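Right, one structure below, let's go through it.
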Ligand code: URA
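Numbering (the numbering used here), first residue to last: 330 to 778.
In structure tokens, the structure reads:
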């Protein structure tokens, strides 16, 4: 077997068998295959694709490149959740405490944000004292004690994916269904949960821009999860605008707190409750979606989910008084309010308008605006500023006038603020007619449908 021959085989549209994929993944992880050959292979996959069997073999090879976590010491059915990445997606912070308050153990390894997408670990680090790097023993003990722990991925969890993802990021090979499915599922399988609920995002702020692509990714991941013996469900949800009212790490933590106090934004709550309900069913704690939704609503309304958030923060060394009183969180130095007038003036066609509807936005641009403010990473090494970001006052479908406040931008650097503002203002499309598809949860994909 040689790497050159395998690159050529894939470039010419051939199918690789398990031994060939193992050879490439092992060789790249241990450094005997160089970056330039793996880059060429990834580009060949990008153009030629991989079938289900190849994708499954790639997933398992990456999952087995490091340690598989043994969660058998945790009592009950362990359910994990994963989002394919979006803007303003803070659902893990909401769903985790809800599930734990309903007696479902959640032992979750999460990632950091990259590019226009955010990551749960960065958000949690916005809580003073919170540690995302606790030992495996403490992680397991905490889930047995309070039902919830969220930690960063250990260096030895699917190390092949870490190395390959970094290469994909700089070789324009991220947005390929097989590579995304294998990347996500290798980590989920190695992380050891019994059941996995996937939030597959679709729209302008997601990797998958069309429902057709999102469905293909969802079906591929469900097939891989089931093949690996994990009950796997995928929910396809909208990412054509930021989820909820905030984008940016501490701002999102504060919003998650509001949600658990029963004051969450409608679309964010709809996604969070749908994911929580499917996780509850996967854990065998509800027979149907109606019963699951009732329990989830009850967990929030009774305050039990909020109490669970506080015990989770405390257990991981965080200062729960910030969750109790979110005004204590550090704030960015500068703010800028974007008005309707600025949106009207951003395009020749709308410059003289007095009112309009927000009909669509380039959500990736909004994510990038937050990244420019310092809330996201341009490269894996970038330092992020946890206090900056965007609070949205208006959503798609809303009618706006010149004097309406559309959003407030939070920054610690005036140059970054002015660049982010330009991006934000140009991200929206306006119309004089109401045109809006307000779908939020599109489809649920299981092994049977
Ligand atoms: N998230 C991942 O973990 N991997 C991908 O390839 C894309 C999103």
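Here a beta-carbon is modelled for each residue, glycine too, at the ideal position from N, C-alpha and C. Note that this is a predicted model, so its numbers are computed, not measured.
Considering only heavy atoms of ligand 1, does any lie closer than 7 Å to the CB of residue i?
i, result
"residue 370", "no"
"residue 389", "no"
"residue 481", "no"
"residue 753", "no"
"residue 512", "yes"
"residue 716", "no"
"residue 413", "yes"
"residue 440", "yes"
"residue 503", "yes"
"residue 536", "yes"
"residue 518", "no"
"residue 494", "yes"
"residue 508", "yes"
May I ask you to report which of helix, strand or coil DSSP gives residue i?
i, result
"residue 775", "coil"
"residue 728", "strand"
"residue 336", "helix"
"residue 606", "helix"
"residue 408", "strand"
"residue 688", "strand"
"residue 661", "coil"
"residue 520", "coil"
"residue 568", "coil"
"residue 713", "coil"
"residue 642", "helix"
"residue 537", "strand"
"residue 384", "helix"
"residue 598", "helix"
"residue 437", "strand"
"residue 420", "helix"
"residue 503", "coil"
"residue 708", "coil"
Kindly indicate which residue of the options has the alpha-carbon position closest to the one of residue i.
i, options, result
"residue 376", "502, 394, 384 and 694", "502"
"residue 704", "656, 575 and 759", "575"
"residue 674", "437, 665 and 685", "685"
"residue 761", "773, 694, 702 and 679", "679"
"residue 512", "413, 727, 571 and 590", "413"
"residue 573", "595, 591 and 615", "595"
"residue 434", "710, 523, 590 and 722", "523"
"residue 723", "731, 611 and 716", "731"
"residue 633", "425, 378, 373 and 349", "425"
"residue 384", "640, 639, 546 and 582", "546"
"residue 784", "764, 744, 666 and 759", "Look at the range of the chain in this structure, 330 to 778, and you will see that residue 784 is not part of it."
"residue 764", "448, 461 and 725", "725"
"residue 585", "422, 361 and 551", "422"
"residue 470", "639, 645, 392 and 439", "645"
"residue 777", "727, 482, 552 and 431", "552"
For residue i, is the classification buried or exposed, using 16 other Cβ atoms within 10 angstroms of its Cβ as the cut-off for buried?
i, result
"residue 404", "exposed"
"residue 568", "buried"
"residue 365", "exposed"
"residue 598", "buried"
"residue 698", "buried"
"residue 357", "buried"
"residue 352", "buried"
"residue 637", "buried"
"residue 286", "Examination of residue 286 is not possible in this model, given that the chain is present from 330 through 778 alone."
"residue 363", "exposed"
"residue 712", "exposed"
"residue 539", "exposed"
Report back the beta-carbon spacing between residue i and residue j to the nearest angstrom; my notes put them in contact at under 8 Å.
i, j, result
"residue 476", "residue 402", "Not confirmed; about 14 Å, so no contact."
"residue 625", "residue 609", "7 Å"
"residue 394", "residue 487", "6 Å"
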